[in-house]
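Encoded as structure tokens, the structure appears first; notes follow it.
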Ligand code: RIB
Ligand code: CA
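In the working numbering, the protein residues as written are 6 to 312.
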């Protein structure tokens with residue numbers, strides 16, 4: 006039976022490819038796509054999510070969510086994603102968002118779900134936190150929470166923090182305290198999903214579908230990562246979805262994870278206890294290694310399933 010999931014995103018170039026991967030995969034039943042402000046403002050991330058879903062031909066409902074973090078001010082990342090969030094790639098407009106607010110929808114789905122639902126967060130995870138803060142018992146109907154978030158070491162938004170974690174560290178702290186198993190695809194994991202021009206050329210040569218073409222155009226707009234040597238751009242968000250499809254592509258490590266919620270330069274840092282030094286039980290599961298060839302093969306195969 007397909008695994009029921011809610012996918013929370015902020016499209017976002019890598020979110021676009023994660024959406025395609027999820028909607029192309031029969032192993033997943035995407036119950037809802039919820040959207041937050043993140044890479045760009047909510048007005049753009051919502052329009053992008055609607056357009057991306059429509060491009061796949063899916064009828065999954067898309068819900069608008071938080072346009073700011075629980076605390077602090079909203080900050081975008083247009084250097085990577087462009088002002089429009091999709092690197093200037095213009096897609097046909099999608100339909101209308103589903104009525105209702107993301108946090109309410111997440112709660113309604115969890116309340117009514119006949120089986121536990123997996124929450125997949127590839128954005129600042131304000132929507133999941135708001136949902137679970139208002140009805141904490143709903144965590145009993147959450148199978149696990151899979152996040153692209155955090156880093157063992159150096160961040161990509163600040164020296165200390167990864168963008169999603171920094172964008173709403175209080176939201177991440179809420180999820181860490183929820184009692185759910187949280188699976189982390191950190192920056193060190195996603196660095197192993199480094200999309201090079203050669204990868205994109207291979208994808209382009211593999212098919213002519215509109216979603217494949219859009220994926221290549223969108224990813225092709227992303228600057229090559231200076232942090233990772235200037236040879237490619239990491240496919241952060243698809244790694245979180247790929248874990249659900251092909252866990253065999255990954256190795257993992259249980260670890261205790263806590264948040265730096267201070268106002269200083271360490272704010273938003275995920276403090277990951279690799280060696281159990283804190284004595285805190287290892288509630289989280291951190292994805293450590295990725296079979297990169299297998300990952301890119303999965304991406305290519307699934308992108309070619311889309312129209
Ligand atoms: O740090 C990478 C994460 O921040 C990804 O989810 C990307 O889309 C941005 O939101
Ligand atoms: Ca994202």
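Virtual Cβ for every residue (Gly too), placed ideally from N, Cα, C.
Straight-line Cα distance separating residue j from residue i
{"i": "residue 206", "j": "residue 196", "result": "19 Å"}
{"i": "residue 140", "j": "residue 112", "result": "7 Å"}
{"i": "residue 39", "j": "residue 11", "result": "7 Å"}
{"i": "residue 66", "j": "residue 45", "result": "21 Å"}
{"i": "residue 81", "j": "residue 160", "result": "16 Å"}
{"i": "residue 228", "j": "residue 142", "result": "42 Å"}
{"i": "residue 240", "j": "residue 309", "result": "17 Å"}
{"i": "residue 164", "j": "residue 119", "result": "43 Å"}
{"i": "residue 300", "j": "residue 247", "result": "7 Å"}
{"i": "residue 230", "j": "residue 158", "result": "17 Å"}
{"i": "residue 116", "j": "residue 59", "result": "27 Å"}
{"i": "residue 269", "j": "residue 28", "result": "39 Å"}
{"i": "residue 220", "j": "residue 22", "result": "6 Å"}
{"i": "residue 237", "j": "residue 78", "result": "31 Å"}
Pick from the options that is closest to residue i, judged by C-alpha positions
{"i": "residue 182", "options": "248, 286, 244 and 84", "result": "286"}
{"i": "residue 103", "options": "270, 64, 95 and 247", "result": "64"}
{"i": "residue 256", "options": "270, 274, 295 and 263", "result": "295"}
{"i": "residue 223", "options": "259, 18 and 138", "result": "18"}
{"i": "residue 107", "options": "71, 127, 100 and 85", "result": "71"}
{"i": "residue 187", "options": "163, 226 and 275", "result": "275"}
{"i": "residue 189", "options": "261, 162 and 163", "result": "261"}
{"i": "residue 24", "options": "217, 259 and 277", "result": "217"}
{"i": "residue 155", "options": "100, 272 and 282", "result": "272"}
{"i": "residue 254", "options": "49, 208 and 198", "result": "198"}
{"i": "residue 312", "options": "37, 26, 13 and 14", "result": "26"}
{"i": "residue 90", "options": "75, 200 and 55", "result": "55"}
{"i": "residue 7", "options": "13, 15 and 36", "result": "36"}
Proximity test, residue i beta-carbon vs ligand 1 heavy atom, cut-off 7 Å
{"i": "residue 159", "result": "no"}
{"i": "residue 140", "result": "no"}
{"i": "residue 32", "result": "no"}
{"i": "residue 2", "result": "Residue coverage of the chain in this structure runs from 6 to 312, which leaves residue 2 outside it and unanswerable."}
{"i": "residue 165", "result": "no"}
{"i": "residue 168", "result": "yes"}
{"i": "residue 82", "result": "yes"}
Whole-Å CB distance - residue i paired with residue j, under 8 Å assumed
{"i": "residue 249", "j": "residue 33", "result": "6 Å"}
Residue i: CB within 7 Å of a non-hydrogen atom of ligand 2
{"i": "residue 43", "result": "yes"}
{"i": "residue 296", "result": "no"}
{"i": "residue 134", "result": "no"}
{"i": "residue 244", "result": "no"}
TODO: Give a yes or no on contact between the region 128-145 and the region 85-95, applying the rule of three or more CB pairs nearer than 8 Å.
DONE: When C-beta atoms of the region 128-145 are compared with those of the region 85-95, fewer than three pairs fall below 8 Å, so the two segments do not count as touching.
Open item on the list: Assess contact between the region 207-215 and the region 163-174, defined as three or more Cβ pairs (one per stretch) separated by less than 8 Å. Is contact present?
Closed with: No, because fewer than three Cβ pairs between the region 207-215 and the region 163-174 fall closer than 8 Å, the two stretches do not touch.
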